[in-house]
Amino acid sequence: MDKTERRILNILKRRGGQRLSLQEIQRRFTTGRERKAVLKQLARLVSRGKVTKDADGKFSITSAKKRLVGRFEPTNERFGFVIPVSPETNDIYVPAQRWGGAIDGDIVEVAFTKRRGGRTTGQIVRIVKRTRHELAGKVLKRREGMFLVPLSAKVFHEVVVVNNEAGPVEDGLVVNAVIDKIDDRLNRINVSIVEVWGKPDDPEVLCRIVIARFNIPTVFSDEALDEARRVPRTITESDLRGRADLRSLVTFTIDGEQAKDFDDAVSIERRDGGFRLWVHIADVSHYVAEGSALDKDAYERANSVYFPGSVIPMLPFELSNEICSLKPNEDRLAMSVQMDLDKRGEVCASKMFKSVIRSNARLTYTEVGSLLEQHRKGKDVSEDTPGFAQYLYDMDDAAQLLTKARMSRGSLDFDLPDPVIILDLQGKPEDIVREERNPAHRLIEEFMIAANEAVASYLTVNGCKCAYRVHEPPDDESLIGLSQTLKSVGMKVSFAGGDLSNKFQQLIQRVRGKRIERLVSYLILRALKIAKYSPENIGHFGLASSCYAHFTSPIRRYPDLMVHRFLKQQLKGKSKGKVKMTNEALKEATHHCSVRERAAMGAERKIVKMRQAQFMADRVGERFTGIISGLTARGFFVELDQFFVEGFVPLVSLSDDRYSFSEEKQCITGEKTGRRFRMGDAVKVRVRSVQVPLGRIDFKLIDAST
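Under numbering that gives the first Met the number 0, think of the first position of the sequence shown as 0, with each following residue one higher.
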């Protein structure tokens with residue numbers, strides 16, 4: 000080790016973890032030559048992980064903690080998380096000033112420790128790889144030069160345009176730029192503009208921002224498109240070999256009005272004391288061979304991504320909307336799950352097989368939901384779905400049995416609707432409403448859960464590989480924190496002893512329809528872990544299922560496609576048509592799919608936020624009523640009554656007092672007045688400002704007496 004390196008380490012060790020700037024370290028050296036060498040040796044020590052450099056350019060000795068490599072994801076709250084490469088490890092919390100110069104998406108090495116209270120906290124000690132090479136942003140022209148307001152990444156550096164290769168660009172337009180240099184010391188990023196995208200409220204520009212932000216692949220390879228074009232458009236006699244012919248069985252699909260890819264269909268027979276139910280899933284694996292170009296592109300995407308009015312599909316439309324889509328009155332290849340239900344809603348027998356089906360009708364959630372709601376009220380509206388009404392009534396009865404059985408074992412059921420963006424002919428939002436769930440949604444949901452469980456159990460019993468959908472129970476620290484917070488809002492709950500999932504379910508039922516329901520649901524969701532894919536079966540806590548996998552959507556989810564292949568292998572016999580995937584490859588694939596699912600969900604949430612902001616942009620200054628839907632240290636969120644839109648009230652905008660947030664009590668309180676804000680409180684607000692590309696809506700509280 001170099002003499003200067005040893006001195007630097009001794010200086011930092013003697014400071015007991017205190018951070019020092021470059022100048023503070025250099026002052027401890029006497030000659031100009033030594034001081035010049037300090038910068039070079041510090042860089043070497045940081046690259047080797049012996050010294051940590053924080054985002055503000057200060058240095059400290061790296062403590063002897065555990066380390067791992069992962070992807071860095073900052074938040075708007077100026078803290079971040081490292082998402083480990085290893086699927087067995089939970090996310091690492093990284094507070095502000097411990098980012099070590101990392102930006103959104105970087106692959107980093109983090110030193111971490113688990114503190115009291117259960118939170119694993121870390122410090123980024125090395126940037127392994129810069130993954131973000133481009134940055135989309137809004138042009139900001141100043142006297143001293145041109146800058147970008149980052150939109151495609153959570154970046155807190157100043158972004159300076161040093162070169163413009165796209166020609167003249169107007170202030171306020173959205174552009175795409177190449178990152179030339181990241182200067183952590185100056186907290187600055189130098190970029191070169193390479194493409195002008197357009198105005199920040201243009202729907203296409205908003206999509207491009209989100210696609211760039213979450214790194215969503217949008218272009219299929221030429222090889223994959225060529226394979227898709229060569230897929231036959233009709234079924235041949237050779238396709239039918241070894242398949243059960245179910246074309247005479249009354250079968251139909253139930254989907255949303257705008258759906259174009261129908262990957263599941265259902266059939267039913269009422270039997271003495273129960274039902275025989277069939278769930279038919281498009282046989283995508285028949286057309287997408289393992290290791291093919293189509294397979295590689297599908298794997299990279301891992302899922303379809305749904306935006307208001309458009310979709311980025313996992314498979315080319317030639318497959319997803321054509322030969323793999325279970326269209327009415329057309330023969331289609333399927334993988335069918337046959338299940339016998341007893342009068343308690345338990346699946347007492349099941350079998351899986353390859354099939355050919357012919358859907359009799361394409362039904363929608365709206366028409367089926369309306370029929371079932373009227374039937375439950377004793378009204379006959381069977382003429383709305385001629386020929387299918389009795390089948391739908393039987394399905395509704397079966398679904399209610401399945402729901403009752405699932406809930407009796409402790410499955411969780413949150414009533415948290417999603418926003419639906421209604422677009423006009425120009426693609427602009429004209430209304431935003433709550434997603435309505437009716438009996439038809441529940442019917443399909445229950446049938447798909449039952450099929451997923453049946454397939455997962457079959458593969459497990461037969462010792463086959465499987466890409467399980469797993470959901471771990473909350474850890475003890477989370478349960479203690481949840482119990483304490485609930486106690487502070489007047490609810491005494493003990494999670495000790497007994498069945499935990501049943502305790503959670505009883506808690507949800509206890510607050511159903513009450514003002515406190517949203518708060519309790521939020522607190523429970525915060526205590527729960529994130530569901531993911533895994534080669535190991537550890538059960539699914541949220542569904543109270545001991546064995547679960549995703550099987551029912553192979554058109555839009557890659558894990559389902561893997562499960563289809565494993566199922567086919569078992570049905571054939573392990574010696575025939577063996578799936579090539581090794582145990583290590585399966586482990587990597589399930590982790591990859593979990594990561595891409597997270598990106599897709601982030602993209603879908605972000606575009607909805609942008610569209611909500613776009614909808615409210617013409618309503619700045621208008622007044623609305625709403626309820627408080629979320630609390631943070633910086634302020635509170637308000638969900639409007641008139642539109643399903645959420646905005647933010649910053650605490651700094653409340654001028655009548657100084658307010659502080661108590662996470663334990665889940666309230667914001669004024670120091671002098673004692674005025675409190677809690678989730679569920681009714682308030683009146685005025686739209687203060689809107690930033691469409693950021694998906695941000697700011698409100699100002701206008702009713703001080705609320």
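Just so you know, even glycine gets a beta-carbon here, dropped at the ideal spot from N, CA and C.
Only a predicted model underlies this, so the values are computations on that prediction, with no experimental measurement involved.
{"Query": "Residue ranges of each beta strand (DSSP E) within the region 198-285, 3 or longer", "Result": "251-254, 263-270 and 273-281"}
{"Query": "Contained alpha helix (DSSP H) runs [length at least 4] in the region 571-631, N- to C-terminal order", "Result": "582-615"}
{"Query": "Residues bridged to D330 [DSSP beta-bridge criterion]", "Result": "R357"}
{"Query": "Beta-carbon proximity check, H563 vs V283, cutoff 8 angstroms", "Result": "yes"}
{"Query": "Simplified DSSP assignment, three categories, for H470", "Result": "strand"}
{"Query": "Cβ neighbours of E401 in the same chain (closer than 8 angstroms, five flanking residues each side left out)", "Result": "The identity of residue 401 in the sequence shown is Leu, whereas the question assumes Glu. Answer for L401: L340, G344, E445, F446, I448 and A449, listed in chain order."}
{"Query": "Closest residue to H285 among T250, R242 and D260 (Cα-Cα distance)", "Result": "R242"}
{"Query": "N451 (DSSP reduced to helix, strand or coil)", "Result": "helix"}
{"Query": "Reduced DSSP category for P416 - H, G, I as helix; E, B as strand; rest coil", "Result": "coil"}
{"Query": "Range of the contiguous alpha helix (DSSP H) that encloses Y92", "Result": "Element bounds for Y92: not the alpha helix (DSSP H) but the beta strand (DSSP E), I91 to V93."}
{"Query": "C-beta atoms of G541 and L518 nearer than 8 angstroms", "Result": "no"}
{"Query": "Proximal residues to A360 (C-beta, below 7 angstroms), its chain only, five neighbours per side dropped", "Result": "F251, P327 and F387"}
{"Query": "Residue nearest to M406 in terms of C-alpha spacing, selected from V304, I267, I421 and A543", "Result": "A543"}
{"Query": "Coarse secondary structure for V689, derived from DSSP in three states", "Result": "strand"}
{"Query": "N- and C-terminal bounds of the alpha helix (DSSP H) containing R5", "Result": "K2 to R13"}
{"Query": "Member of K350, D254, V304 and A165 whose CA lies at the smallest distance from the CA of V193", "Result": "A165"}
{"Query": "Whole-angstrom distance between R18 and R34, CA atom to CA atom", "Result": "18 angstroms"}
{"Query": "Terminal residues of the beta strand (DSSP E) in which A135 lies", "Result": "E133 to R141"}
{"Query": "A281 and R232 closer than 8 angstroms at C-beta", "Result": "no"}
{"Query": "Simplified DSSP assignment, three categories, for T672", "Result": "coil"}
{"Query": "Between the CA atoms of S652 and L524 - distance to the nearest angstrom", "Result": "29 angstroms"}
{"Query": "Status (buried if at least 16 other CB within 10 Å, exposed otherwise) for F643", "Result": "buried"}
{"Query": "Distance CB(L370)-CB(A398) smaller than 8 angstroms", "Result": "no"}
{"Query": "F413 burial status per 10 Å Cβ neighbour count (16 or more: buried)", "Result": "exposed"}
{"Query": "Per-residue burial, S701 [other beta carbons within 10 Å of its own, 16 or more giving buried]", "Result": "According to the sequence displayed, residue 701 carries Ile and not Ser. Per the 10 Å Cβ criterion, exposed."}
{"Query": "Identity of the residue in H591, L560, R595 and V594 nearest V578 by Cα", "Result": "L560"}
{"Query": "Counted within 10 angstroms of its Cβ, other Cβ atoms place I529 as buried (16 or more) or exposed", "Result": "exposed"}
{"Query": "heavy atom of the ligand HEM below 7 angstroms from V510 C-beta", "Result": "Summarising the ligand content, the structure contains no ligands, and the ligand HEM is consequently not present."}
{"Query": "Collapsed DSSP secondary structure at P312 in the structure displayed", "Result": "coil"}
{"Query": "Stretch-stretch touch, CB-based, cutoff 8 angstroms, three pairs: the region 649-665 with the region 481-500", "Result": "yes"}
{"Query": "Exposed unless 16 or more other CB atoms sit within 10 angstroms - verdict on I431", "Result": "buried"}
{"Query": "Burial state of K608 (16 or more Cβ within 10 Å)", "Result": "buried"}
{"Query": "Minimum C-alpha distance to L67 - residue among I82, S59, F78 and P73", "Result": "I82"}
{"Query": "Where T3 falls, given that 16 or more other Cβ within 10 Å makes a residue buried", "Result": "buried"}
{"Query": "Rounded straight-line distance, which links the Cα of D474 to that of Q373", "Result": "44 angstroms"}
{"Query": "Stretch-stretch touch, CB-based, cutoff 8 angstroms, three pairs: the region 180-190 with the region 210-221", "Result": "no"}
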